[in-house]
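Student: Please find one structure pasted underneath; my questions will follow.
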Amino acid sequence: MTGYGLFLRLMRAMTNYLIKNVSLVNEGSITKKDVLIIDQFIARIGQIDPSPNYHIIDGSGKYLLPGIIDAQVHFREPGLTHKADLYTESRAAIAGGVTSFIDMPNTEPNVLSMEVCKEKYALAKKRSWANYAFSLGVNHTNLDLVINTNLADVLLVTDDGLYFSGKGNILADRPDMMEKLFSGCKSLIAIHSEKEAIIEANENLYRQQYGEDIPIKMHPLIRSEKACYEATKDAIAIAEKHQTRLHILHLSTEIETHLFRNDIPLCDKKITTEVSVHHLWFSDKDYERLGAKIKWNPAIKSDKDRKGLLKALLDDRIDIITTDHAPHTLEEKQGNYFQAKSGAPLIQHSLNCLLEMHQQGLIPLEKIVEKMCHNPAILYQIDKRGFVREGFYADLVLIDLSQEWQVSPENILYKCGWSPLEGTVFHNKVLQTFVNGELSYDQGVFSEVPSGQALQKYSAS
């Protein structure tokens, strides 16, 4: 950052904002409030008189939310920056109301040591518009290292995405590895839950019928309900045996939802899970229209699964909402079933999707905030974020539920330049996003420099 850039950032940090007469969605209620931001923090909430020192924002008719925490993204830096990077994707994030993210370890090199993890933190410090954290990867090569590492400041250990670098790296398919890791690792462990053996058998079955040109619509039959359910069931059994904190990433089937509890508070749960936005928004009916653009792992499945996931989200068997934002270039999404890469960009539009579902009568605003803001902070023990509380960081999103707009190439901010939602008309809009008290995004205009900070973990004791 240049000296002038730092000067601009410091000057903006001294701006005190007073958001007046806004509908605050926070901690299970919607109330008309004023919110005062001083420097990086929320200073006061209530009825607040204006002052010449405050920059006034009229929130009349608008809603104010805590900043979204997306706990499952792939921003591709380092090593894969032809398709995405920390700067571009975090910029797209704040335009969509996402103020914090947790990045997965399948960059190049894979994040298999604390040294590589620290290098990613150093990159983000200079380049990230949103607050950031980076997971520590685990596979068969570094299992002992992870078990013997002090993980007090690490938000999670995960195998997610590492299967792309070779077979045998999905923990859910390796009970021997899970037994060793779950018994020896005290950190929260998040896993990609599919059985490779079942997937490979399905691939071989459809190869016999179609050769290499398997239709994309067969994706949910190859990465099947059984592959997901068997993996999740077995992983939970091993985690319960060792009293491990286990988190199942991107749940995709209705049948899996019945493996999770909703009779205890999230802070007391050992076994937790999430749903990604695409599994709530799309179904297998959309493969005909969108093809490989919605090819994710685990696969988008049936409408029954989509509805079952939403039901489990509403009754608290599913704890948080993520995106699994995983950009590829359009060229990388071409080719036959085996050539087209899995994953797609979503973080700029995730809140819009959930707000649209709210406007369709499918989910309350309070539940969106619980699952996208409050619960990620609780689950990953993130300090002073995820809630609108006095003394917490001013990560805030101002939204309008009466503005209509359409996703188009002209307003897509992902480095890859496309979205499976292109052409979608939303009836809600992110107006302003505050990150650490700075107005980082203001109706299409970004601040001069990024203002993201490293997420800090609080003690659960």
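Position one of the sequence shown corresponds to residue 3 (the numbering used here), numbered consecutively onward.
Note that CB positions come from ideal geometry on N, CA and C, so glycine has one too.
Under the assumption that residue 200 contacts residue 232 (Cβ atoms under 8 Å), give the Cβ distance between them as a whole number of angstroms.
Tutor: The Cβ separation is near 7 Å, so the contact holds.
Student: Where residue 303 and residue 286 are concerned, what is the direct C-alpha to C-alpha distance, given to the nearest angstrom?
Tutor: Taking the straight line joining both Cα atoms gives about 5 Å.
Student: Measuring alpha carbon to alpha carbon, tell me which of 95, 58 and 30 ends up nearest residue 448.
Tutor: Nearest of 95, 58 and 30 to residue 448, Cα basis: 95.
Student: Using the Cβ count rule (16 or more neighbours within 10 Å means buried), how would you classify residue 234?
Tutor: The residue is buried, with at least 16 neighbouring Cβ atoms inside 10 Å.
Student: Roughly how many whole angstroms lie between the Cα atoms of residue 399 and residue 121?
Tutor: Residue 399 and residue 121: Cα-Cα distance of roughly 30 Å.
Student: Looking only at C-alpha atoms, which of 349, 358 and 411 sits nearest to residue 102?
Tutor: Looking at the Cα atoms, 349 is the closest of the given residues.
Student: Do you know whose CA, among 30, 154 and 402, lies nearest residue 354's CA?
Tutor: Answer by Cα proximity: 402.
Student: Check whether the Cβ atoms of residue 276 and residue 248 lie closer than 9 Å to each other.
Tutor: Not in contact: residue 276 and residue 248 (Cβ atoms no closer than 9 Å).
Student: From which residue to which residue does the beta strand (DSSP E) around residue 46 run?
Tutor: From DSSP, the beta strand (DSSP E) with residue 46 extends over 43–48.
Student: For the structure I just gave you, are there three or more beta carbon pairs, one from the segment 430–440 and one from the segment 103–118, closer than 8 Å?
Tutor: Contact between the segment 430–440 and the segment 103–118 is absent, because fewer than three Cβ pairs lie under 8 Å.
Student: Going by CA-CA distance only, name the one from 266, 270, 180 and 175 that's closest to residue 202.
Tutor: Answer by Cα proximity: 175.
Student: Output the residue ranges of the beta strand (DSSP E) runs that lie fully inside the segment 257–333 and measure 3 residues or longer, sorted by chain position.
Tutor: List check, beta strand (DSSP E) in window: 273–278 and 322–324.
Student: Is residue 445 near residue 428, with beta carbons less than 9 Å apart?
Tutor: Going by C-beta atoms, residue 445 is not nearer than 9 Å to residue 428.
Student: For residue 31, is the classification buried or exposed, using 16 other Cβ atoms within 10 angstroms of its Cβ as the cut-off for buried?
Tutor: Under this definition residue 31 is an exposed residue.
Student: Taking the straight line between their C-alpha atoms, what separation do you get for residue 145 and residue 162?
Tutor: If I take the Cα positions, the gap works out to 14 Å.
Student: If we ignore side chains and look at the alpha-carbon of each, how far apart do residue 331 and residue 351 end up?
Tutor: Approximately 18 Å, taken between the alpha carbons.
Student: Determine the contact status of residue 317 and residue 271, defining contact as a CB-CB distance below 9 Å.
Tutor: No, these two residues do not count as a Cβ contact at 9 Å.
Student: Assign residue 398 to one of three DSSP states: helix, strand, or coil.
Tutor: Strand.
Student: Within 10 angstroms of the Cβ of residue 134, are there 16 or more other Cβ atoms? Answer buried if so, exposed if not.
Tutor: With 16 or more Cβ atoms within 10 Å of its Cβ, residue 134 is classed as buried.
Student: Alpha carbon to alpha carbon, what distance is there between residue 390 and residue 42?
Tutor: Approximately 13 Å, taken between the alpha carbons.
Student: So, under 8 Å CB-CB, residue 196 and residue 225 are touching, yes? Tell me the CB distance rounded to an integer number of Å.
Tutor: The Cβ separation is near 6 Å, so the contact holds.
Student: When you compare the segment 258–271 with the segment 336–347, are there three or more beta-carbon pairs, one atom per stretch, that lie closer than 8 Å?
Tutor: No, because fewer than three Cβ pairs between the segment 258–271 and the segment 336–347 fall closer than 8 Å, the two stretches do not touch.
Student: Measure from the alpha carbon of residue 118 to the alpha carbon of each residue in 230, 137, 256 and 336, then state which is nearest.
Tutor: Checked all of 230, 137, 256 and 336; the closest Cα to residue 118 is 137.
Student: I'd like the list of long-range same chain contacts for residue 47, defined as Cβ closer than 7 Å, with 5 residues on each side in sequence excluded.
Tutor: Cβ within range, chain order: 35, 37, 390 and 392.
Student: Between the C-alpha atoms of residue 422 and residue 27, what's the straight-line distance to the nearest angstrom?
Tutor: When rounded, the distance between both Cα atoms is 29 Å.
Student: Between residue 254 and residue 383, what straight-line distance do the alpha-carbon atoms span, to the nearest angstrom?
Tutor: One C-alpha to the other measures close to 25 Å.
Student: Using 10 angstroms around the beta-carbon of residue 440, count the other beta-carbons present and answer buried if the total reaches 16, otherwise exposed.
Tutor: Buried, because 16 or more other Cβ atoms sit within 10 Å of the Cβ of residue 440.
Student: Contact defined as beta carbons within less than 8 Å: I believe residue 416 pairs with residue 90. What is the distance between those atoms, to the nearest angstrom?
Tutor: Confirmed, about 7 Å.
Student: Which same chain residues, not among the five before or five after residue 14, have their C-beta less than 6 Å away from its C-beta?
Tutor: Note that residue 14 scores 49 on pLDDT, short of 50, meaning its location in the model is unreliable; the coordinates nonetheless yield the value given after this. Here the set comprises 440.
Student: Expressed to the nearest angstrom, what Euclidean distance is found between the alpha-carbon atoms of residue 455 and residue 72?
Tutor: The alpha-carbon atoms of residue 455 and residue 72 are separated by roughly 15 Å.
Student: According to DSSP, residue 65 sits in a beta bridge with which residue or residues?
Tutor: According to DSSP, residue 65 bridges with 25 and 401.
Student: For residue 327, which of 44, 281, 238 and 154 has the nearest alpha-carbon?
Tutor: Taking only the C-alpha atoms, the option nearest residue 327 is 281.
Student: Taking the CB atoms as reference points, tell me whether residue 324 and residue 278 lie closer together than 9 Å.
Tutor: Taking 9 Å as the Cβ cut-off, residue 324 and residue 278 qualify as a contacting pair.
Student: Could you tell me the distance, in whole angstroms, from the CA atom of residue 363 to the CA atom of residue 59?
Tutor: Distance between the alpha carbons of residue 363 and residue 59: 29 Å.
Student: Which word fits residue 266, buried or exposed, when buried means at least 16 other C-beta atoms lie within 10 angstroms of its C-beta?
Tutor: Under this definition residue 266 is an exposed residue.
Student: Among 305, 413 and 67, which has the Cα closest to the Cα of residue 367?
Tutor: With distances taken between Cα atoms, residue 367 lies closest to 67.
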